[in-house]
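K.L.:
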Amino acid sequence: MKPQSKTQTDTASEIGLLEGELTLPSPPQVAVRVLSALQNSDNPIAELSEIISADPALSGKTLKLANSSFYSLPNKVTNIQRAITILGTNLVKNIALSFIIANDPEYKKADIQIESYWKRSVTAAVAAELLTQKLDRQDEDIFVCGLLHNIGTLIMFMQRPDAMRELLKRTALSLESPTDLEKTQFGTTHQDVGALLMRHWGLPETVYVPIRYHHIPEEAPAAYRDVAQILYLADQISAIYSDLESGTTAHALQDALARQYSFDKNASIALLDEIAERSIEILKTFEIDAGNIKPYSQMLQEANQQLGRLNMSYEQLVIELKEAKEKSDRLATELQKANQRLSNLAYTDSLTGLYNHRYFQQQLSTEIARGTRYGFPVSLVLFDIDYFKLVNDRYGHLAGDNVLMAIARAVSQIVRPSDMVARYGGEEFAIILPQTDLGGLSTFATRLRRTVEQLVTRHEDIEIVVTISVGGTTFSPDQNDIDKEHLIDTADRGLYMSKGNGRNQVTLLSIDNAPG
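Going letter by letter, the sequence shown gives residues 804 to 1319 in the working numbering.
1) Which one of N1205, V1214 and Q1308 has the shortest CA to CA distance from I1265?
2) Taking 8 Å as the threshold, find out whether the region 1148-1166 comes into contact with the region 1195-1214 through three or more Cβ pairs.
3) Here's the rule: buried if 16 or more other CB atoms are within 10 angstroms of the residue's CB, otherwise exposed. What is N953?
4) Give the list of continuous alpha helix (DSSP H) stretches no shorter than 4 residues that lie fully inside the region 1259-1313.
5) Would you say A1233 and L1290 are within 7 Å of each other, going by their C-beta atoms?
6) Taking only the alpha-carbon atoms, compute the straight-line gap between D799 and K1125 and give it to the nearest angstrom.
7) Relative to the C-alpha of L1312, which candidate in W1004, R1306, L1298 and T1151 has its C-alpha closest?
8) Measuring straight from C-alpha to C-alpha, what distance separates I1091 and H1017?
9) For G997, I'd like the list of residues in its chain whose CB is within less than 6 Å of its CB, leaving aside the five on either flank, ordered along the chain.
10) So who's on the other strand from P1237, going by DSSP bridges?
11) Here's the rule: buried if 16 or more other CB atoms are within 10 angstroms of the residue's CB, otherwise exposed. What is G1303?
12) Which residue from I887, A1202 and P1280 puts its Cα closest to that of E1170?
13) In the DSSP assignment, find the beta strand (DSSP E) that holds R1226 and state where it starts and stops.
14) CA-CA distance, I1033 and E1123?
15) Taking the continuous alpha helix (DSSP H) assigned at R1081, which residues delimit it?
16) Hey, T992 and L984: beta-carbon distance below 7 Å or not?
17) Where does E943 fall in DSSP's three states?
18) Does the structure place the region 1055-1066 close enough to the region 957-967 that three or more beta carbon pairs sit under 8 Å?
19) Under 7 Å between the Cβ atoms of A840 and L851?
20) For L934, count neighbouring Cβ atoms within 10 angstroms of its own Cβ and tell me buried if that reaches 16, exposed if not.
21) For T1276, which option in A886, A1294 and M1223 has the closest C-alpha, if you only look at C-alpha atoms?
22) Assuming T982 is part of the alpha helix (DSSP H), what are its boundary residues?
23) By Cβ distance, which residues of its chain are closer than 7 Å to A1031, with the 5 residues on each side in sequence left out?
24) Note down, in chain order, each residue of its chain lying with its Cβ closer than 8 Å to the Cβ of R836, except the 5 sequence neighbours on either side.
25) Mind checking S872: buried by the 16 CB within 10 Å criterion, or exposed?
26) Is I1188 helix, strand or coil by DSSP?
27) Report, in whole angstroms, the separation of the C-beta atoms of N1283 and T1175, which I expect to be a contact under 8 Å.
28) Here's a check: name, in chain order, each residue in its chain whose Cβ is nearer than 7 Å to the Cβ of A1037, leaving out the five neighbours to either side.
29) Report the rounded CA-to-CA distance for S1049 versus S919, giving the unit in angstroms.
30) Roughly how many angstroms separate the alpha carbons of L894 and V1121, rounded to a whole number?
31) Under the three-state reduction of DSSP, which class applies to Y1158: helix, strand or coil?
32) When the Cα atoms are used, what is the spatial distance from R1261 to N1195?
33) Taking C-beta to C-beta, are K1287 and S1153 nearer than 7 Å?
34) Span of the alpha helix (DSSP H) holding E932?
35) How long is the line joining the alpha carbons of A1141 and K1130, rounded to whole angstroms?
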């Protein structure tokens, strides 16, 4: 068929096609008959009715679409000729062409997700139709323009599938627009191919010119600029319901609707909702699965609910983390206390609460080493309770334990924080006095003996008084050959000398065993 007219903007696209990059397919046979009936027949309504009625599938779908809420006709349409009379030949032509092209087996061979392609195309067609109605404009070709605006992409996938897949990869990785990449790859764009195809099939300028400019409406001829702009917005609307698009498109679209047509947010959402509802109905007519298309307001509500769940989950996570931290802190505190208890069990005497013999041995080695390193003396005191066996025999072991605990408390009150008191074994005790020379040792030992002598231990209704025998010695830092055992042995001999001399005495010996 010869085109009705030709615009100067088609020249570059034709050059790419004529060089053999792409070829334009012929229209389906039924489409040729429909177009011929409208152009050449003296009675187009009757001939168009005959053509459509001869195809049961096309006839049924046409009547179904004509009776849908999309067109809101006052009475039910029961035959094709009446539908043509009410809707008009041009609109019925567009409906028929839409079904013919969408169901042509040739286009289903394209290496593309064909159902997703037509779902988006139908959504764009519905969007273009409704937006035109909202703007109180008349355009009988707008539905078919929306349906076929991306048919050039389908043609390119049919003829150059490998190159198109590679182009899609480049589009994902490049900042260039898809149309710029198409020009580089093919010397033309999908909107050029689509426009030329529609002109090649004999469709009017009102269809192929807006398709040619639907990505660049500002460059369209003045007479078609508004329609091209509507197609551009319809394409953006269809993207909202595509699995590959994000909510960013919806926000940009609302801005465009407000800028171009003064739609406020509520009007934009109402339009998007109606497009979704109508698209679902039309897709059923085309026998295309609507998939996850749903009203935009519902999408927003679900997104807000999901956000609420995420916030709730985040808050719950914060609470759980806080509880886990508190539990961890409690466990750490309990572990620290348990370790301290174990340490106390390992190094303290359970009866008196003083350090035990094991810890005394470690600490004495530590203090001798420190004294040697820093040059200060260390004194050692050993004392034993006089006649302690008689206390146990006369008053019982519980009374003896009370005496041991009372002496431990009294001695702990007269030592310095740096001193260490230990229960050496049985009724014998040891005291380490860091930085204490022989003179300091003598003063402390005398005070120690008098403290215990004056101590009264009450057990039941009796008072118990005991004395102690004390031995002691002093280590000087210049005595490098003196070890811990020698120091203990010297203090212990002083203790037994006090016992041998009558008890309740203090005997201090120097390391060379001379009495102090």
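Cβ atoms here follow ideal geometry from the backbone N, Cα and C, with glycine treated the same way.
P.N.:
Short version:
1) Taking the first residue of the sequence shown as 1, we reach residue 1265 at position 462. Closest by alpha carbon: N1205.
2) yes
3) On the sequence shown, position 150 is the one that residue 953 refers to. When all chains shown are included, N953 counts as buried.
4) 1287-1303
5) In the sequence shown, the residue the question calls residue 1233 occupies position 430. In the sequence shown, the residue the question calls residue 1290 occupies position 487. No, the Cβ-Cβ distance between A1233 and L1290 is not below 7 Å.
6) In the structure displayed, the chain extends from 804 to 1319; residue 799 sits before or after that span and is not available.
7) Locating residue 1312 in the sequence shown gives position 509, where the first residue counts as 1. Closest by alpha carbon: L1298.
8) Sequence index remark: in the sequence shown, residue 1091 carries index 288 (1-based). Sequence index remark: in the sequence shown, residue 1017 carries index 214 (1-based). Near 24 Å, if we compare the C-alpha coordinates of H1017 and I1091.
9) By one-based count along the sequence shown, residue 997 stands at place 194. Only I954, G955 and I1014 meet the Cβ criterion.
10) As a working note, residue 1237 is residue 434 in the sequence shown. According to DSSP, which records beta bridges pairwise, P1237 is partnered with V1181.
11) Walking along the sequence shown from the start, residue 1303 turns up at place 500. Label assigned to G1303: exposed.
12) For the purposes of this step, residue 1170 is taken as the residue at position 367 of the sequence shown. Ranking I887, A1202 and P1280 by Cα distance to E1170 puts P1280 first.
13) As a position in the sequence shown, residue 1226 is number 423, starting the count at 1. Where R1226 is concerned, the enclosing beta strand (DSSP E) stretches over M1223 to G1228.
14) Mapped onto the sequence shown, residue 1033 falls at position 230. Mapped onto the sequence shown, residue 1123 falls at position 320. Rounded to the nearest angstrom, the two C-alpha atoms are 52 Å apart.
15) Position 278 of the sequence shown, counted from the start, is the residue given in the question as residue 1081. Note, R1081: alpha helix (DSSP H), K1068 to T1088.
16) By 1-based counting over the sequence shown, the position of residue 992 is 189. By 1-based counting over the sequence shown, the position of residue 984 is 181. Cβ atoms of T992 and L984: not closer than 7 Å.
17) Within the sequence shown, residue 943 is the residue found at index 140, counting from 1. E943: coil per DSSP, three-state reduction.
18) no
19) In the sequence shown, the residue the question calls residue 840 occupies position 37. In the sequence shown, the residue the question calls residue 851 occupies position 48. In this structure, L851 lies closer than 7 Å to A840 by Cβ.
20) Looking up residue 934 in the sequence shown gives position 131. Buried, by the Cβ-count rule.
21) Mapped onto the sequence shown, residue 1276 falls at position 473. If we check each option's Cα against that of T1276, A1294 comes out closest.
22) Indexing the sequence shown from 1 puts residue 982 at position 179. Note, T982: alpha helix (DSSP H), P981 to F989.
23) Your numbering for residue 1031 matches position 228 in the sequence shown. Excluding positions up to five away in sequence, the list reads P1013, Y1016, H1017, P1020 and A1023.
24) The residue labelled residue 836 in the question sits at position 33 within the sequence shown. Same-chain partners within the cutoff: I854.
25) Mapped onto the sequence shown, residue 872 falls at position 69. With fewer than 16 Cβ atoms within 10 Å of its Cβ, S872 is classed as exposed.
26) The residue labelled residue 1188 in the question sits at position 385 within the sequence shown. It is a strand residue.
27) If you number the sequence shown from 1, residue 1283 lands on position 480. If you number the sequence shown from 1, residue 1175 lands on position 372. Right, their Cβ atoms sit about 7 Å apart.
28) Here the question's residue 1037 lines up with position 234 in the sequence shown. Counting only Cβ-Cβ distances below 7 Å, and skipping sequence neighbours, we find A927, A930, A931, L934 and G949.
29) Against the sequence shown, residue 1049 aligns to sequence position 246. Against the sequence shown, residue 919 aligns to sequence position 116. With a pLDDT of only 48 at S1049, under 50, the local geometry of the prediction cannot be trusted, and the value read off the model is given with reservation. Their backbone Cα atoms lie some 16 Å apart in a straight line.
30) Working through the sequence shown from its first residue, we reach residue 894 at position 91. Working through the sequence shown from its first residue, we reach residue 1121 at position 318. Going from the Cα of L894 to the Cα of V1121 covers about 60 Å.
31) Residue mapping note: residue 1158 aligns to position 355 of the sequence shown, counting from 1. Here Y1158 sits in strand by DSSP.
32) Here residue 1261 corresponds to residue number 458 of the sequence shown, with the count starting at 1. Here residue 1195 corresponds to residue number 392 of the sequence shown, with the count starting at 1. In a straight line, the C-alpha of R1261 is about 14 Å away from that of N1195.
33) Sequence index remark: in the sequence shown, residue 1287 carries index 484 (1-based). Sequence index remark: in the sequence shown, residue 1153 carries index 350 (1-based). Not in contact: K1287 and S1153 (Cβ atoms no closer than 7 Å).
34) Counted from its first residue, the sequence shown places residue 932 at position 129. From DSSP, the alpha helix (DSSP H) with E932 extends over I917 to K937.
35) Position 338 of the sequence shown, counting from 1, holds the residue named residue 1141. Position 327 of the sequence shown, counting from 1, holds the residue named residue 1130. In a straight line, the C-alpha of A1141 is about 16 Å away from that of K1130.
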